[in-house]
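Participant: The structure follows.
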Amino acid sequence: MFSKKKTTVDLVIPVYNEAGVVEQTHARISAALDSLPYDFHFIYVNDGSRDGTADSLSALAARDPRVIPLSLSRNFGHQAALTAGLDASTADVVITMDGDGQHPPEMIPEMLHLIGQGYDIVQTQRMDEAQPASFKKWTSGLFYRLINLVSGTQVLPGAADFRALTRPAVDALKSMPEYHRFLRGMVSWIGFATVILPYQPADRIS
Ligand code: UDP
Ligand code: MG
C-alpha cells in the first residue's frame with residue numbers, strides 16, 4: 227500500500243513582546259486547525275522581544291512538537307520577522323498571520339480550501355466599515371491612495387499580512403532582493419492567481 231503524503235502547511239507568526247498571549251494564540255489556532263487533513267508546523271518568529279516571549283515559546287515547543295521557535299538577534303520589525311519566517315519555511319503552503327489574536331484563525335480552513343481550488347494566494351482584507359471613523363482609518367486610507375498613486379502596483383486597502391501562499395508564490399517573494407520590505411505590495415506585484423477573503427478585525431488580546 228502506498229500512503230499519500232499529506233500536504234504540509236507552515237504557519238509563520240511573528241511575535242514581539244507577546245509573552246502574555248502566545249499560549250492563548252497557539253491554543254486558538256490549534257483549535258481552528260483541529261481535524262484538518264494537513265501536516266501543520268508553527269514557525270513562531272521571536273522578533274527580539276524584551277519580555278518572556280522566548281520562554282513562552284520554549285514551553286510551547288516542549289509540549290507541541292509542531293512548534294518551531296525562531297529567534298532574531300534583535301528587534302527588526304514585523305516585515306523582517308515575516309521574511310525570516312518565510313525563509314525558514316519548507317512547506318507546500320505557508321500562512322502568515324499575527325500573533326496577537328487580530329487575525330482570526332477560524333478563517334484558515336477556508337483559506338486552505340481556496341488553495342486546494344487552485345489559487346496561489348489567498349489574501350485577507352480587513353473590513354473596518356462597521357467601526358467609527360478613526361485617525362488610523364483616515365491615515366491608512368490616505369496611505370493607500372498615495373501608494374496607489376505613485377506606484378504601478380495596486381495595493382488593496384485593508385490588505386492584511388494574513389494570507390496563504392503556495393510554495394511557488396513563496397519562492398517568488400524570496401527571490402526579491404528588497405531590503406526594506408512591504409509584503410502587501412510585493413505580494414500584489416508577483417502576480418499569481420489571487421483571491422480576496424474579507425474579515426472583521428478583532429481587538430488585540432493585550
Ligand atoms: N511584531 C513583530 N515585530 C515588531 C512589531 C510587531 O514581530 O517590531 C509582531 C506582533 O507581535 C504581532 C504582529 O507583528 O504579532 C503585528 O504587530 P502589531 O500588532 O503591533 O501590528 P498592528 O496590529 O498594529 O498592525
Ligand atoms: Mg496587531
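For the sequence shown, my numbering begins at 227 and goes up steadily by one. Note that CB positions come from ideal geometry on N, CA and C, so glycine has one too.
Applying the criterion that 16 or more other CB atoms from any shown protein chain within 10 Å of the CB defines a buried residue, is Asp346 buried or exposed?
Facilitator: Buried, by the Cβ-count rule.
Participant: Looking at Leu308 and Val238, is the spacing between their C-beta atoms short of 8 Å?
Facilitator: Yes, Cβ-Cβ distance for Val238 and Leu308 is below 8 Å.
Participant: Starting from Pro474 and walking both ways along the beta strand (DSSP E), at which residues does that stretch end?
Facilitator: Examination of residue 474 is not possible in this model, given that the chain is present from 227 through 432 alone.
Participant: With a threshold of 7 Å (Cβ to nearest heavy atom), would Ala307 be considered close to the ligand UDP?
Facilitator: Yes.
Participant: Excluding the 5 residues preceding and the 5 following Phe418 in the sequence, name in chain order all residues of the same chain whose CB lies nearer than 6 Å to its CB.
Facilitator: Asp346, Ile347, Ala395.
Participant: When you measure from the CB of Gln328 to every non-hydrogen atom of the ligand MG, does any distance come out below 7 Å?
Facilitator: Correct: Gln328 has its Cβ closer than 7 Å to the ligand MG.
Participant: Can you tell me the Cβ-Cβ gap for Val241 and Val271, rounded? I've got them flagged as a contact below 8 Å.
Facilitator: Confirmed, Cβ separation roughly 7 Å.
Participant: Apart from the five residues just before and just after Pro295, which ones in its own chain have a Cβ nearer than 7 Å to its Cβ?
Facilitator: Closer than 7 Å at Cβ, skipping near neighbours: Tyr270, Asn272, Leu283, Ser284, Ala287.
Participant: Can you confirm whether the segment 317-332 touches the segment 415-429 when touching is taken to mean that 3 or more C-beta pairs between the two stretches lie within less than 8 Å?
Facilitator: Segments in contact, yes.
Participant: Exposed or buried, Ser384, counting other C-beta atoms within 10 Å across all chains shown (16 or more means buried)?
Facilitator: For clarity, residue 384 is Gly in the given sequence; the question names Ser instead. Under this definition Gly384 is a buried residue.
Participant: Any idea if Asp236 is buried or exposed, counting beta-carbon neighbours within 10 angstroms, 16 or more meaning buried?
Facilitator: Answer is buried; the Cβ neighbour count reaches 16.
Participant: At a threshold of 7 Å, does Glu249 count as lining the ligand UDP (C-beta to nearest heavy atom)?
Facilitator: No, the beta carbon of Glu249 sits no closer than 7 Å to any heavy atom of the ligand UDP.
Participant: Could you name the residues that DSSP lists as bridge partners for Pro424?
Facilitator: Per DSSP, Gln351.
Participant: Quick check: the Cα distance between Glu244 and Phe268, rounded to an integer number of angstroms?
Facilitator: Going by the C-alpha atoms only, they are around 16 Å apart.
Participant: Report yes if the CB atom of Tyr264 is closer than 8 Å to the CB atom of Leu312, and no otherwise.
Facilitator: Not in contact: Tyr264 and Leu312 (Cβ atoms no closer than 8 Å).
Participant: Quick one: Cα of Val381 to Cα of Ile416, how far?
Facilitator: Rounded to the nearest angstrom, the two C-alpha atoms are 12 Å apart.
Participant: Which residue marks the beginning of the alpha helix (DSSP H) containing Val248, and which one marks its end?
Facilitator: Val248 -> alpha helix (DSSP H) spans 248-259.
Participant: In the DSSP assignment, find the unbroken beta strand (DSSP E) run with Ser282 in it and report its ends.
Facilitator: It is not in any beta strand (DSSP E) - Ser282 instead sits in the alpha helix (DSSP H) that spans 279-289.
Participant: Distance check for Arg276 and Ala306, CA to CA, integer angstroms please.
Facilitator: Roughly 17 Å separates the two Cα atoms.
Participant: Would you call Ser315 buried or exposed, if buried means 16 or more other Cβ atoms sit within 10 Å of its Cβ?
Facilitator: Per the 10 Å Cβ criterion, buried.
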